[in-house]
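For what it's worth, the numbering used here labels the leading residue of the sequence shown as 4, then goes sequentially.
Let me begin by presenting the structure, written as structure tokens, before commenting on it.
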Amino acid sequence: MGVLPEAETYEIPSESGLVEVPYDFARSYAEAINNNGQIVGIASSKYSWGYDLFCWRAFILDGGSMTDLQNELNGLFGNEGIEVNEDYYWHYTSEAYGINDSGQVVGLYFDGFTKAFVYGGGQNINLHSLLGDNVENSSARDINNEGQIIGEFNAIRSTTYTAFVYNDGEIKTLGGSLIDINNNGIAVGSSGATAILYDIDNDTSINLNINSIIDSEKAIWLSSAQGINDKGQIAATGYFKSDVKRTHQAFLLNPRFAEPKLKDYINIGNISTFGDTVLLQGNEITLFGNVITTNGGEITFDGQTKIDNNLTIDSSVNEDNTITGGDITFTKTVDAASAGSQNLTLKAGTGNILFQDVIGGNGTFFDIGVEGAGSLTINKDLAVEGNLSFEVINNITTANLAATGSVEISLGKIGDETFASTGNVTTGNIDALSLEVLNNGSFSSGNLVTTNGDINIISLNSIAVGQLTATNGAIDLISGTAGIKVNGTVESDNSFIALAKQNIITNEITSSQDAVILKSSQDAVTVNGAVTAYDDVSLAAANNITVGAVTSNDSSVALISATGIVAANGVISSMEDVTVASAQSLTINHEIKSEFGSIGLASTEGSVTMNMPIDNALGVNLAAKQSVSTKKISIYGGNITVEAEQGTATIGGLINSRGGNVYVLALGTINTKNIISRGGDVSLISKTDLVRTGYIRTDIGSRGGDVYLEAAKNIKVITAVDINATEYSIYVGSDGVISIAHHLSKSATKRAEFIIGSITGSGTLASVSSPVISPTPTTPLPGGGTVSPNPLLIYIEIFKRILDAGGTAPAHVAEINPITGDPYADEAEFGLVKQLTPNQKRRFKDILNNQAIPKQERLKIEDFRRGKVDDDGCYYLRLGFRLGSYVPHDEYASYVTGDNSDHLVMEPTNGNYSFYDGKLSVLGQAYIQKGQPISSYAEVKTQHEYLAKKANGNTKNLNAYERDQIRTLERQLSIGSLIAQQCGFEFFLSFDTRKAANAAQILYASRYPQVNFYYIEAKEAEF
């Protein structure tokens, strides 16, 4: 026994979740709370006077919902006709003092006399009536989980109160008063001026002031016992007998009767049987051996268990490739003898493993592993100092899990052997260094947190989780046949990738250092909030895409719906390209910004409507099966393309390409405002209707781009421009060409003259500065070629790849390729993936599923399968084709390397990769002219003279396109040279002009001494 310390003052933190009683009362008091969070107490009417006892009533508060028990108790005591009236001064009242975990409430009811009751949990009893006819007042003070009740009463015309106990329908009375009761049937209180203890089951009363009971060096008198817990510890008040003032203090008692007898201790070493059942039953069980094995028999530990060694408990049987096993059960707590020192390994075969109570509450384990079980059930929270590993066949159900190391969960796969599972994985929160889940069922959990590693979940069926947080790690979720739902926010330092067949639903997503990639191959993607990533953001779905604001701080954004719509409910902002494409009509109501990339909006079946100006991009491409409508387009370089395949094209503001070409094509009417290209070409073509535009200017100084206007009906250039005091409707500088025609029929050879000075038919009010020509069907269009390529074909191909991924469903989670989320095509693909490192797998998952990466870097799964992994773990792929579409560059690459294919190389450590323009052969000019070693990898650059501006310090003269190209080059140099070093090959860079090569030498040779920079004059390859 010890004296309790003096009371301390505690502040309630602001985040404590303190809740007011949600009821219209003047005052309220909470009297008791159970383990389910249910609260009982008393509350007064808002009309009560002072401390008027006649206006109190009992209440129960459950999950924020409060119930007034008054009317219920009226019925219990035969007063069901009386209604509660808060305005009435003298009124029936009630008070609730205790509640157990079954929701049974005890207290008193007043109808002129107080009467004890128990209410709820299927047991409503008027206890007052059980006390006899001679009882005047009674009250019930507490109830335990066994339904045992303590209280007090007084007889008629008596002021002395007597304790009573209700147990199994019977009333027992005893002298004194009882204040508290535990779940073991032990009650405490006082009798006279002494503390007492009463054992209900044994009908035994103990005076706690008997010297044989109290272990103390000082003489102490205990006047009252105020509380008792399930361990038998008692909180009491009393005083030291030597204190003449009898100053009361608090005391803590550990009565001897609550301690286990010596015979209840079990200490045991190794156990080995051949199919027999092992039952260890005692108050405390200590296991100091290292193995307990039964070869199929059940193993039960019925008592508090302490493990004092690294222990393996094995009930499994593996005979003739058939696995069976017995159940392993812990009915009480399980602890390590020395915190963080013991490992526990369980092997149950097909038997079930059950932990009914807390694991590691008084001594945490280092590692806990389950190497085979039919099912695993952990009813209470589990924390370890090391790792958790569960390999189970059918079901895993746990409370919260915490590990300083990793948590690995496998359902349906034990070692290399797979099993046809019938269950799921259900856990509480998981907090670990890293988390790996391979699940042949559905997976559901609370919040998942990793402190320095990845969250990687592959599930055959659905995934439903709470908040996801990966510090210094990535988050990968794959559902092979169903959907994914994240009920909280997603925060990942590295990438967040989710691949599913059905719906993907998440809340706000943040990836601070990498990409966000979501793909549903058969249904929709919904993000109920914003998406922010350092790298790419790619949302792709067979059906609809719904998302808030989208931001890529250093790369691109792609929102792709193969059959539905895209609902972008916020600003889209990126450093590079933005692509938004859908099968159905596309409407954008928020700003789109691209610092160094292009903006592409497309609808393969409907129309495109852009309700905000586009003024922050390097190129714009708007394409639709039906009509296109947009506001102003004013960019800082790159081409502007607007194509309405079967509808009209309307640009409701200025078009300004600042050097890029402007191309508008529609089946029907074209309506534009003023067009300024500053040297770029302008083409406006309506196949069946008229073209109506403001002024067109392609001039920049004395030069300008070409203008091509064509319509089946009228062309009307309405507004004039004043240049050098002369009015022109169309001005292209001294070297430009203007060609305007009016179709008279469907025959391309019959065109009407464009009339200068009149707009009654086809013509202009102002003059034209160049001769009128009549182009033939073979007249080249701006940008090359005689017909416009169909830009929708690119998106149709992307849609097809998304939908193709929704094909065959895997039969087992082990069949799912962790890169694609689809079943392995064959053993070769399985073997290739198995050779890759985790970071290589994640990078290929990005390359193969990310719609935001540049189209020249997109691979198909068929391409990936042809790759090889060398002894150093480097992945090599010769594509067999060129990824780009710029013919001069491709021809130059073949000439320099002697190789007509691009190559991909990926290093194993971090998964960094680079595309190279070729692998040097004896036919390559870098070998012939420069002596560069065979099998070197090359990057070649054409038209990079602007590097000289940077080499000379004239960076202010670089336009946006040139700055972006230099940025791309420097990234290729950095990554390409790094991979060359790690994978053991040489890397060189070749330019088609001496000016660019010299500038590259100045800028980069000292920074990358291992890279050779060459000037090789461009010529056609001869192989």
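Built from N, CA and C at the ideal position, the CB exists for glycine as well.
Cutoff 6 Å; reference residue i; Cβ partners in own chain excluding five residues on either side
i: A376; result: A351, I356, V395
i: A543; result: K522, I563, I805, Q854
i: A626; result: A605, E646, P794, L795
i: A983; result: F990
i: T779; result: With a pLDDT of 33 at T779, under the threshold of 50, the predicted position of this residue should be treated as unreliable, and no value is reported.
i: Y112; result: L76, F80, S97, K118, F120
i: D902; result: G921, K922, S924
i: Y639; result: R661, A963
i: L687; result: V667, I673, V694, L712
Burial state of residue i (16 or more Cβ within 10 Å)
i: D920; result: buried
i: G824; result: buried
i: V1010; result: The sequence as given places Arg at residue 1010; Val does not occur at that position. R1010 should be labelled exposed.
i: K628; result: buried
i: S68; result: exposed
i: G354; result: buried
i: S275; result: exposed
i: L256; result: buried
i: Q73; result: buried
i: R970; result: exposed
i: L502; result: buried
i: G272; result: exposed
i: L379; result: buried
i: F277; result: exposed
i: G115; result: exposed
i: T425; result: exposed
i: D419; result: exposed
Where the alpha helix (DSSP H) containing residue i begins and where it ends
i: G979; result: 963-986
i: A828; result: A828 -> no alpha helix (DSSP H), and no H or E assigned at all.
i: G154; result: First-last for G154: 152-158, but that is the beta strand (DSSP E), not the alpha helix (DSSP H).
i: L1006; result: 997-1007
i: G78; result: 73-79
i: E865; result: 864-868
i: N842; result: 841-852
i: F802; result: 795-807
i: L414; result: Counting along the chain, L414 falls outside any alpha helix (DSSP H), though it belongs to the beta strand (DSSP E) covering 409-414.
i: L950; result: 950-954
Host beta strand (DSSP E) of residue i (start-end)
i: F62; result: 59-65
i: L521; result: 519-523
i: R881; result: 878-881
i: L133; result: Careful: L133 lies outside any beta strand (DSSP E), inside the alpha helix (DSSP H) at 130-133.
i: H906; result: 906-909
i: V191; result: 189-194
i: A253; result: 252-256
i: T900; result: That residue, T900, is in no beta strand (DSSP E); its alpha helix (DSSP H) goes 890-900.
Close Cβ partners of residue i (< 7 Å) along its chain, the five nearest in sequence each way excluded
i: Q525; result: K504, Q505, A545, G809
i: T327; result: G299, V320, G352, T353
i: L134; result: S141, F156, F167, I174
i: W224; result: N212, G241, Y242, K244
i: G682; result: G662, T701, I703, R706, G707, G708
Close Cβ partners of residue i (< 8 Å) along its chain, the five nearest in sequence each way excluded
i: T163; result: N157
What are the uninterrupted segments assigned as beta strand (DSSP E) that are 3 or more residues long and contained completely in the stretch 679-729, given in chain order?
Here the runs fully enclosed are 685-689, 694-696, 710-714, 718-720, 724-726.
Specify whether the stretch 928-941 and the stretch 860-870 touch according to this definition: at least 3 beta carbon pairs, one from each stretch, less than 8 Å apart.
No, they do not touch.
So, do the stretch 431-450 and the stretch 795-807 have three or more beta carbon pairs nearer to each other than 8 Å?
By the Cβ criterion, the stretch 431-450 is not in contact with the stretch 795-807, since fewer than three pairs of Cβ atoms, one from each stretch, lie closer than 8 Å.
Contact between the stretch 812-820 and the stretch 480-489 is defined here as three or more beta-carbon pairs at a separation below 8 Å; is this criterion met?
Counting Cβ pairs under 8 Å, three or more are found: they touch.
Is the stretch 949-960 touching the stretch 903-918 in the sense that three or more CB pairs, one from each, lie closer than 8 Å?
These segments do not touch.
For the stretch 527-544 and the stretch 819-836, state whether three or more C-beta atom pairs, one from each stretch, are separated by less than 8 Å.
Counting C-beta pairs closer than 8 Å gives fewer than three between the stretch 527-544 and the stretch 819-836, which falls short of the contact rule.
Could you say if the stretch 288-306 and the stretch 314-328 meet the contact criterion of at least three C-beta pairs nearer than 8 Å?
Contact check between the stretch 288-306 and the stretch 314-328: three or more CB pairs, one atom from each, fall below 8 Å, which counts as touching.
May I have a chain-ordered list of the alpha helix (DSSP H) segments no shorter than 4 residues that lie completely inside the stretch 347-403?
Within the stretch 347-403, no complete alpha helix (DSSP H) run reaches 4 residues.
Complete beta strand (DSSP E) runs within the stretch 544-602 (minimum length 3 residues, chain order)
As far as the stretch 544-602 is concerned, its whole beta strand (DSSP E) runs of at least 3 residues are 548-550, 553-555, 560-564, 569-571, 575-577, 581-585, 589-591, 595-597.
Touch check for the stretch 220-235 and the stretch 181-192: three-plus C-beta pairs under 8 Å?
These segments touch.
Whole runs of the beta strand (DSSP E) within the stretch 416-455, excluding any shorter than 3 residues:
The beta strand (DSSP E) runs of length 3 or more contained entirely in the stretch 416-455 are, from start to end of the chain, 433-435, 437-442, 451-453.
Count the C-beta pairs between the stretch 608-624 and the stretch 986-1000 that are closer than 8 Å, then say yes if the count reaches three, no if not.
Fewer than three pairs of CB atoms, one per stretch, sit closer than 8 Å, so the stretch 608-624 makes no contact with the stretch 986-1000.
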